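Participant: Residue numbers (full-length UniProt numbering): 4 to 440.
Note that CB positions come from ideal geometry on N, CA and C, so glycine has one too.
Note that the coordinates shown come from a computational prediction; the quantities given were computed from them, not determined experimentally.
Let me begin by handing over the structure; questions about it come next.
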Ligand code: LLP
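Below you can see the structure in the form of C-alpha cells.
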C-alpha cells in the first residue's frame, strides 16, 4: 500500500517513518497521511490534462479530508478546491488558500454561506437549484464583479460502482434535471440576471467508480444539450465540470483504473463533441476527493480486549471504531489491515476487528487474517484517508483522533487529538434555581 515498507525491526514504515514509533509518540487511534503519495496523485491528474493539451482545473473535493495543513498542501500542488459548506470554506480561507481557486458547492447553501463566498471572491459558485438563483440574484447587486457560476445538472446517469442506471427523470436531490426542461429554465433565468456570469455546467455521477463508461455517457448527454443551447441561447460553456468519483483500491476485489486513464477517456469524449460542433474546447474541470487522499491514509489502533465465541469466531477489539471510521457501519465498506509491529509474521489466523462503540454494528473488519494477536499490538488499517477523519464523530463521547503527515522520514502533527475538555466545551450546566435558599 502506497509508500509503505517494512523496516529492519519488522515494523510497518510509511513515508520513511516507523508507524510503531508514531503510535507511541502521538497515541492511537491515529490517522497518518503519506504526503508523497498525495502529491503523486495530484500531479498525475494535472499531468494527464497537460498531456492532452487541455486547459483544466483539478479541484480537490475537500469533503474527503479537510484541515488547514491539507488545504495548504493542495494549494502547494496547484490544485483548486471544492468546498460544500461554510465550515469547509472557512477552513480554506483560514489556510490561506487562494480564493479564486475555490468552488462552492451544496444543495442548500444559506444566504450567509453565499455571502461569505462572494465577500472572499471565490472562483465560482456551483448553483444547484432555483431558490439559490433567487438568493444570488438578490446578493448580486452588492458586488461589482459579476458572480461566476456553474449550473449543476443531474445527467440521468447514476453510477453504482460498476454499473450505471440511466433514467429519464433522475431522482436525486442535487442539481437541475438535464432531461426534463429544468436546466433550460435555469439557464434562461440566469442569462437574464445582470450580476451573474454563467461560466458553465457541472455534473457528478457518483463515487468509487471503477470504469469510464459513466463519465463518457454523462459527458455525451451534457454535450448533446450544449449543442441545443448553442442554437437556442447562443450559450457555449467556458467550463464543463465532470465531478469526481474515481475509484480506489480498498481490497484486492477493487480494480480501479489509473487516474490518467479516466482523464484521457473524458477528454476524448469531450473533444469528439466539441469538434463536431465546431466550438472552442471548454476548460475541463474535475473534482476528485477519494482518489487524491484515500490510499494515502492509514489508521493506527492499539489492540485491547479479545473475545472468543467457541467454534464461531474471535473478536479483537481496538481503541477506535465507528467514531473514527463510520464507513464499514454505514456502507459495509471493506478494508485490509496488518499488525504494524509484527508485519513480517505470518498473517494466517482469522479474527474480526471490533470497534469500542456501544453498538453491535461497530465492526471494522470481519475475518481479517492476522498473526496471533495480543493486547498492545498496533493494528494498521489501510486506505482510510478519504471520508475517515472527515466523517469522524463523538459518538459515546469518544474524542476524535489526531492526524499526522509523514514525508521523507519526518512526521508532523497537523490535527491535534481532541481532549475530554474539548468534548464539553460547548456544554452548559443546568440553570440553578435562584429561589432556593
Ligand atoms: N464532487 C461532488 C459534487 C461530490 O458530490 C463528490 C462526492 C465529489 C466531487 C468527490 O467524490 P470522490 O472523488 O471522493 O468519490 N462518504 C462516502 C462518499 C460520499 C461522496 C459524496 N460526494 C464514502 O465514504 O464513500
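Here's a check: name, in chain order, each residue in its chain whose Cβ is nearer than 6 angstroms to the Cβ of residue 51, leaving out the five neighbours to either side.
Facilitator: If we look at residue 51 and ignore the five residues flanking it on each side, its Cβ neighbours are 263 and 266.
Participant: Kindly examine the ligand LLP and report whether one of its heavy atoms sits closer than 8 angstroms to the Cβ of residue 262.
Facilitator: Incorrect: residue 262 has no Cβ contact closer than 8 angstroms to the ligand LLP.
Participant: Beta strand (DSSP E) containing residue 244: first to last residue?
Facilitator: Residues 242-244.
Participant: Report the partner residues of residue 318 according to the DSSP bridge assignment.
Facilitator: Residue 318 pairs with 310 and 355.
Participant: Among residues of its own chain, excluding the 5 on either side of residue 78, which ones have a beta-carbon nearer than 6 angstroms to its beta-carbon?
Facilitator: 100, listed in sequence order.
Participant: Just checking, does the stretch 367-386 make contact with the stretch 65-81 on the three C-beta pairs under 8 angstroms criterion?
Facilitator: These segments do not touch.
Participant: Looking at C-beta atoms only, is the number of pairs between the stretch 245-257 and the stretch 285-300 that lie closer than 8 angstroms three or more?
Facilitator: Counting Cβ pairs under 8 angstroms, three or more are found: they touch.
Participant: What are the residues that DSSP puts in a beta bridge with residue 334?
Facilitator: According to DSSP, residue 334 bridges with nothing at all.
Participant: Just the C-alpha distance for residue 212 and residue 432, rounded to the nearest angstrom, thanks.
Facilitator: Computed Cα separation, rounded: 48 angstroms.
Participant: On a CA-only basis, which of 150, 373 and 331 is nearest residue 203? Give me that one, please.
Facilitator: Nearest option by C-alpha distance: 150.
Participant: Compute every distance between the C-beta of residue 292 and the non-hydrogen atoms of the ligand LLP, then say whether any falls below 8 angstroms.
Facilitator: Checking the Cβ of residue 292 against the ligand LLP gives yes.
Participant: Using alpha carbons as the reference points, say which of 283, 324 and 354 lies closest to residue 315.
Facilitator: If we check each option's Cα against that of residue 315, 354 comes out closest.
Participant: Our contact map puts residue 343 next to residue 15 with C-beta atoms below 8 angstroms; I'd like the distance itself, whole angstroms only.
Facilitator: With 8 angstroms as the limit, residue 343 and residue 15 qualify as a contact, their Cβ atoms being about 4 angstroms apart.
Participant: The ligand LLP and residue 28: does the residue's C-beta get closer than 8 angstroms to at least one heavy atom of that ligand?
Facilitator: Residue 28: no, Cβ never under 8 angstroms from the ligand LLP.
Participant: Looking only at its own chain, which residues have a Cβ that is under 7 angstroms from the Cβ of residue 176, when we skip the five neighbours before and after it?
Facilitator: Contacts found: 110.
Participant: Whole angstroms are fine: how far does the CA of residue 191 sit from the CA of residue 336?
Facilitator: Whole-angstrom Cα-Cα distance: 42 angstroms.
Participant: What first and last residue would you give for the alpha helix (DSSP H) that runs through residue 122?
Facilitator: It spans 114-122 - the alpha helix (DSSP H) in which residue 122 sits, taken as one unbroken run.
Participant: Who does residue 179 pair with in a DSSP beta bridge?
Facilitator: According to DSSP, residue 179 bridges with 156.
Participant: Return helix, strand or coil for residue 59, following the three-state DSSP convention.
Facilitator: Of the three classes helix, strand and coil, the one that applies to residue 59 here is strand, per DSSP.
Participant: Can you check DSSP and say which residues form a bridge with residue 167?
Facilitator: BP columns for residue 167 point to 162.
Participant: Do residue 67 and the ligand LLP come close, with the Cβ less than 8 angstroms from some heavy atom?
Facilitator: Within the cutoff, so yes.
Participant: So, helix, strand or coil for residue 258, using DSSP?
Facilitator: Looking at residue 258 - three-state DSSP - the assignment turns out to be coil, as it is neither helix nor strand.
Participant: Looking at the structure shown, is residue 194 part of a helix, part of a strand, or coil, going by DSSP?
Facilitator: In this structure, residue 194 counts as helix in the three-state DSSP scheme.
Participant: Taking Cβ positions, are residue 390 and residue 330 nearer each other than 9 angstroms?
Facilitator: A contact, by the Cβ cut-off of 9 angstroms.
Participant: Look at the Cβ atom of residue 271, then the Cβ atom of residue 235, and state whether they are nearer than 9 angstroms.
Facilitator: Contact: no.
Participant: Around the Cβ of residue 408, are there at least 16 other Cβ atoms within 10 angstroms (buried) or fewer (exposed)?
Facilitator: Flag for residue 408 reads buried.
Participant: Between residue 211 and the ligand LLP, is the CB less than 8 angstroms from at least one heavy atom?
Facilitator: Yes, Cβ of residue 211 sits closer than 8 angstroms to a heavy atom of the ligand LLP.
Participant: Return yes when the C-beta of residue 207 is under 8 angstroms from any heavy atom of the ligand MG, and no when it is not.
Facilitator: Of the ligands one can find in the structure shown, namely the ligand LLP, none is the ligand MG.
Participant: Let's test the definition: count the other Cβ atoms within 10 Å of the Cβ of residue 97 and tell me whether it reaches 16, buried, or not, exposed.
Facilitator: Per the 10 Å Cβ criterion, exposed.
Participant: Measuring only the C-alpha atoms, how far is residue 28 from residue 21?
Facilitator: Going by the C-alpha atoms only, they are around 11 angstroms apart.
Participant: Secondary structure at residue 394, three-state DSSP: helix, strand or coil?
Facilitator: DSSP places residue 394 in helix when its eight states are reduced to three.
Participant: Comparing the CB of residue 325 with every heavy atom of the ligand LLP, is any distance shorter than 8 angstroms?
Facilitator: No, since every heavy atom of the ligand LLP falls outside the 8 angstroms radius drawn around the Cβ of residue 325.
Participant: Taking 7 angstroms as the limit between beta carbons, can you name the residues of its chain near residue 32, skipping five residues before and five after?
Facilitator: Excluding sequence neighbours, residue 32 sits near 302, 303, 304, 322, 323, 327 and 404.
Participant: Mind checking residue 103: buried by the 16 CB within 10 Å criterion, or exposed?
Facilitator: By the 10 Å Cβ count, residue 103 comes out exposed.
Participant: Smallest Cα separation from residue 217: which of 255, 168 and 173?
Facilitator: With distances taken between Cα atoms, residue 217 lies closest to 168.
Participant: In whole angstroms, give me the CA-to-CA distance for residue 225 and residue 85.
Facilitator: Distance between the alpha carbons of residue 225 and residue 85 is about 21 angstroms.
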